[in-house]
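Q: Residue numbers (the working numbering), protein chains in the order written: chain D, 1 to 284; chain Z, 1 to 292. Please read through the structure below; I'll follow up with questions.
Below, the structure written as structure tokens:
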């Protein structure tokens, strides 16, 4: 074999290796999800969703955890969405280039890399202790809001950047003020991208476990929260609690709860990708 | 009137932007405040040199080294899995794969990163550990090997996606010139495209490391709760993050030394990720300037 053949052969070999690597991730994903379906699908019925937690695995349901997750999701959206978009609008449209805006930018990029458990420590000290909110739904939502704020800001800024400058110029030419231009033109035009970013960040919030454990969310709550100042549990914490128990029945419960959690996460991701595709087409 | 309204709007937008700064100040001061009180009771020297971490036992030792070694061990295993696989995927997708394949596979891989980490913990403990025990029977039920392997799978998309973006951004002409010289795709990929995209690839690796050391639920579920200064991947260990979870699950009195240990552990973790994030930010800024 001459050198050229050897090189071609190596080229082919790497191609096969590349395909293998790409597939291995996807295959493992399928194997894992398949295994969870086998373990848990038989456990899911209406009672599993509407029953309160119990000491007995077969009687235990996810009602309180599911309600806790819905509360957390709702409050986190209400808190993080307006603040995140407002901060992004300021950075994109108002901030003058200089030391201060550079600092804001470094800061946001750094926050996006802070481990989620550190946000938990912040929430524990500030919301639970100093503001006396206790281990409540509100304290948990505030903590998660801080966690997803950088994601919302980055996504919002990117979609605002993608709006063609002609739209802005046309609005100014008609005598619109800066805020009128932003509110009536730029935000609606970038809404698809903003929505995508917000949904993706919320899907992350739904799956977060560690910061809420640190804040003091419980593994066992007898009732679903009825107002933001009550104690709560969420689906991922319920799953964590069930995984940690030795009896097989609880493993089955954990698998079943994971199916529900994955369903929610994948659905949110699906909706986000749908909006992204729809929105990208608009400007092409 | 209009000017007045616009002014108020700008102020409130500015306040929202300031919140992000307040978060950072909040994190640093909360961690520092509790850690300072912790170090009033425990000497910094002991903290970094004692080889035992037993704040929850009667014979108390406050040496962070066992937690650091646990964190290091699981992260190293994760990177050893994710780096070769993630890089190969990114090179394959950017240089070899047909466009349509790339378009469908990339979002599917990113789904790996969208799965909640507690679910990965389940995979590690319930699926991977029993499987590995079939091959290597003396493996403990809790170990850093399974946790690290599964964490590696989780961070594959961090490396593959960001690296692929960087490889994809390399100008077409560089490749054409290399092909024109008779180079194969493989030679072009490794001698031309990868070096040209090296800063982006390095950023992806640093982000993956930072992600691995901050990862909590996989290690809390599958790696155990036994702080141990070891590099043996088959025995139970404890990471910094898993320790914080362990304490948070228990009944720890606010203001006690046990309560402060989680902040001392937290500030150690924060310092490492902060350094890594700052380095990756610097490289990213420099690299953006290069292409513009």
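The beta-carbon is built from N, C-alpha and C at its ideal position, and this holds for glycine as well. Predicted model only: the values in this text are computed from it and were never measured.
With a 10 Å radius around its C-beta and 16 neighbouring C-beta atoms as the bar for buried, classify residue 278(D) as buried or exposed.
A: Working through the first chain from its first residue, we reach residue 278(D) at position 278. With fewer than 16 Cβ atoms within 10 Å of its Cβ, residue 278(D) is classed as exposed.
Q: With a CB to CB cut of under 6 Å and the five nearest residues on each side skipped, what residues in its chain are close to residue 261(Z)?
A: Numbered from 1 along the second chain, position 261 holds the residue referred to as residue 261(Z). Result list for residue 261(Z): 55, in chain order.
Q: If you draw a straight line from the alpha carbon of residue 126(Z) to that of residue 144(Z), how long is it in whole angstroms?
A: To locate residue 126(Z), count along the second chain from 1; it is residue 126. To locate residue 144(Z), count along the second chain from 1; it is residue 144. Taking the straight line joining both Cα atoms gives about 14 Å.
Q: CB residue 313(D) to CB residue 194(D), shorter than 8 Å?
A: Limits of chain D in this structure are 1 at one end and 284 at the other, which puts residue 313(D) out of reach.
Q: State the DSSP-derived secondary structure class of residue 62(Z), mapped to helix, strand or coil.
A: Along the second chain, read from residue 1 onward, the residue named residue 62(Z) stands at position 62. Residue 62(Z): strand per DSSP, three-state reduction.
Q: Going by CA-CA distance only, name the one from 103(Z), 215(Z), 286(Z), 89(Z) that's closest to residue 118(Z).
A: Taking the first residue of the second chain as position 1, residue 118(Z) is located at position 118. Answer by Cα proximity: 215(Z).
Q: Anything in chain D within Cβ reach of residue 10(Z), meaning under 7 Å, just list it in chain order.
A: Position 10 of the second chain, counted from the start, is the residue given in the question as residue 10(Z). Under the 7 Å cutoff, chain D gives 94.
Q: Could you tell me whether the region 73-82 of chain D touches the region 140-159 of chain D, where touching means 3 or more Cβ pairs closer than 8 Å?
A: Three or more Cβ pairs drawn from the region 73-82 of chain D and the region 140-159 of chain D lie within less than 8 Å of each other, which places the two stretches in contact.
Q: So is residue 292(Z) buried or exposed if we call it buried at 16+ other beta carbons inside 10 Å?
A: Numbered from 1 along the second chain, position 292 holds the residue referred to as residue 292(Z). Note on residue 292(Z): pLDDT 40, under 50, position unreliable in the model; the coordinate value appears next. Residue 292(Z) is exposed by the Cβ-count criterion.
Q: Contact criterion: CB-CB distance below 8 Å. Does residue 179(D) meet it with respect to chain Z?
A: In the first chain, counting from the first residue as 1, residue 179(D) sits at position 179. Answer yes: the Cβ-Cβ gap between residue 179(D) and chain Z drops below 8 Å somewhere.
Q: Hey, residue 137(D) and residue 223(D): beta-carbon distance below 8 Å or not?
A: Sequence index remark: in the first chain, residue 137(D) carries index 137 (1-based). Sequence index remark: in the first chain, residue 223(D) carries index 223 (1-based). No.
Q: What does DSSP give as the partner residue(s) for residue 136(D) in the beta ladder?
A: For the purposes of this step, residue 136(D) is taken as the residue at position 136 of the first chain. According to DSSP, which records beta bridges pairwise, residue 136(D) is partnered with 231(D).
Q: Assuming residue 217(Z) is part of the alpha helix (DSSP H), what are its boundary residues?
A: In the second chain, counting from the first residue as 1, residue 217(Z) sits at position 217. DSSP places residue 217(Z) inside the alpha helix (DSSP H), whose first and last residues are 217-222.
Q: What residue from 261(D), 275(D), 56(D) has the CA that sits closest to residue 197(D)'s CA?
A: As a position in the first chain, residue 197(D) is number 197, starting the count at 1. When each option's Cα is compared against that of residue 197(D), the closest is 275(D).
Q: Does the beta carbon of residue 256(D) come closer than 8 Å to any beta carbon on chain Z?
A: Along the first chain, read from residue 1 onward, the residue named residue 256(D) stands at position 256. Not closer than 8 Å to any Cβ of chain Z, the Cβ of residue 256(D) fails to qualify, so no.
Q: Whether or not the region 75-94 of chain Z and the region 168-187 of chain D are in contact is what I'm after, with contact meaning three or more pairs of Cβ atoms, one per stretch, closer than 8 Å; do they touch?
A: no
Q: Listing by chain order, which chain D residues have their CB less than 7 Å from the CB of residue 91(Z)?
A: Along the second chain, one-based indexing puts residue 91(Z) at 91. The answer, in chain order, is 18.
Q: Can residue 49(Z) be considered in contact with the ligand SAM, in the sense that its beta carbon sits closer than 7 Å to one or more heavy atoms?
A: Only the bare structure without any ligand can be found here, which leaves the ligand SAM out of the picture.
Q: Do residue 67(Z) and residue 240(Z) have their beta-carbon atoms positioned less than 8 Å apart in this structure?
A: On the second chain, position 240 is the one that residue 240(Z) refers to. On the second chain, position 67 is the one that residue 67(Z) refers to. For residue 240(Z) and residue 67(Z), yes; Cβs fall inside 8 Å.
Q: Name, please, each residue of chain D whose Cβ falls closer than 9 Å to the Cβ of residue 187(Z).
A: For the purposes of this step, residue 187(Z) is taken as residue 187 along the second chain, with counting starting at 1. Going along chain D in sequence order, the residues near residue 187(Z) (Cβ under 9 Å) are 7, 10, 11.
Q: Short of 7 Å in beta carbon distance, which residues of its chain neighbour residue 158(D), apart from the five on each side in sequence? Order them along the chain.
A: By one-based count along the first chain, residue 158(D) stands at place 158. So the qualifying residues of the chain are 193.
Q: Going by the beta-carbon positions, is the gap between residue 233(Z) and residue 226(Z) smaller than 8 Å?
A: The residue given as residue 233(Z) occupies position 233 in the second chain. The residue given as residue 226(Z) occupies position 226 in the second chain. Residue 233(Z) is not a Cβ neighbour of residue 226(Z), given a cutoff of 8 Å.
Q: Rounding to the nearest angstrom, what Cα-Cα distance links residue 312(D) and residue 166(Z) in this structure?
A: The structure shown does not extend to residue 312(D), since chain D is modelled only from 1 through 284, so no value can be given for it.
Q: Tell me, please, whether the CB atom of residue 178(Z) is closer than 8 Å to any CB atom in chain D?
A: Taking the first residue of the second chain as 1, we reach residue 178(Z) at position 178. Answer no: the Cβ-Cβ gap between residue 178(Z) and chain D never drops below 8 Å.
Q: Just mark residue 108(Z) as buried or exposed, buried being the case when its beta carbon has 16 or more other beta carbons within 10 Å.
A: Indexing the second chain from 1 puts residue 108(Z) at position 108. Exposed: under 16 other Cβ atoms inside 10 Å.
Q: Per DSSP, which residues does residue 53(Z) bridge with? Please list them.
A: Counting from one through the second chain, the residue named residue 53(Z) turns up at place 53. Beta-bridge pairing links residue 53(Z) to 62(Z).
Q: Measure the CB-CB distance between residue 266(Z) and residue 142(D) and report whether it falls below 8 Å.
A: Taking the first residue of the second chain as position 1, residue 266(Z) is located at position 266. Taking the first residue of the first chain as position 1, residue 142(D) is located at position 142. Result no, Cβ atoms of residue 266(Z) and residue 142(D) do not sit closer than 8 Å.
Q: Measuring alpha carbon to alpha carbon, tell me which of 62(Z), 128(Z), 219(Z), 78(Z) ends up nearest residue 43(Z).
A: The residue given as residue 43(Z) occupies position 43 in the second chain. If we check each option's Cα against that of residue 43(Z), 62(Z) comes out closest.
Q: Starting from residue 14(D), find everything on chain Z with Cβ-Cβ shorter than 7 Å and list it in chain order.
A: As a position in the first chain, residue 14(D) is number 14, starting the count at 1. The contacting residues are 186.
Q: Where does residue 56(D) sit, in a helix, a strand or coil, going by DSSP?
A: Position 56 of the first chain holds residue 56(D). Residue 56(D) sits in coil when the DSSP states are folded into three classes, being neither helix nor strand.
Q: Alpha carbons only, please: which of 238(Z), 23(Z), 154(Z) is nearest the one belonging to residue 229(Z)?
A: Position 229 of the second chain, counting from 1, holds the residue named residue 229(Z). For residue 229(Z), the nearest C-alpha among the options comes from 238(Z).
Q: Which of the residues in the region 119-139 of chain Z, read from start to end, lie with their CB under 7 Å from any CB of chain D?
A: 119, 121, 122, 123, 125, 126, 127
Q: Pick helix, strand or coil for residue 3(D), following the three-state DSSP scheme.
A: Residue 3(D) sits at position 3 when you count from the first residue of the first chain. Residue 3(D) falls in the helix class under three-state DSSP.
Q: Where do the ends of the alpha helix (DSSP H) carrying residue 106(Z) lie?
A: As a working note, residue 106(Z) is residue 106 in the second chain. Where residue 106(Z) is concerned, the enclosing alpha helix (DSSP H) stretches over 99-114.
Q: Quick one, which residues of the region 230-257 of chain Z are near chain D if we go by CB-CB under 8 Å, in chain order?
A: 241, 244, 245, 248, 249, 254
Q: Give me the Cβ distance between residue 276(Z) and residue 210(Z), rounded to the nearest whole Å; I'm assuming they're in contact under 8 Å.
A: Counting from 1 along the second chain, the entry for residue 276(Z) is found at position 276. Counting from 1 along the second chain, the entry for residue 210(Z) is found at position 210. Right, the Cβ-Cβ distance comes to about 4 Å (below 8 Å), so this counts as a contact.
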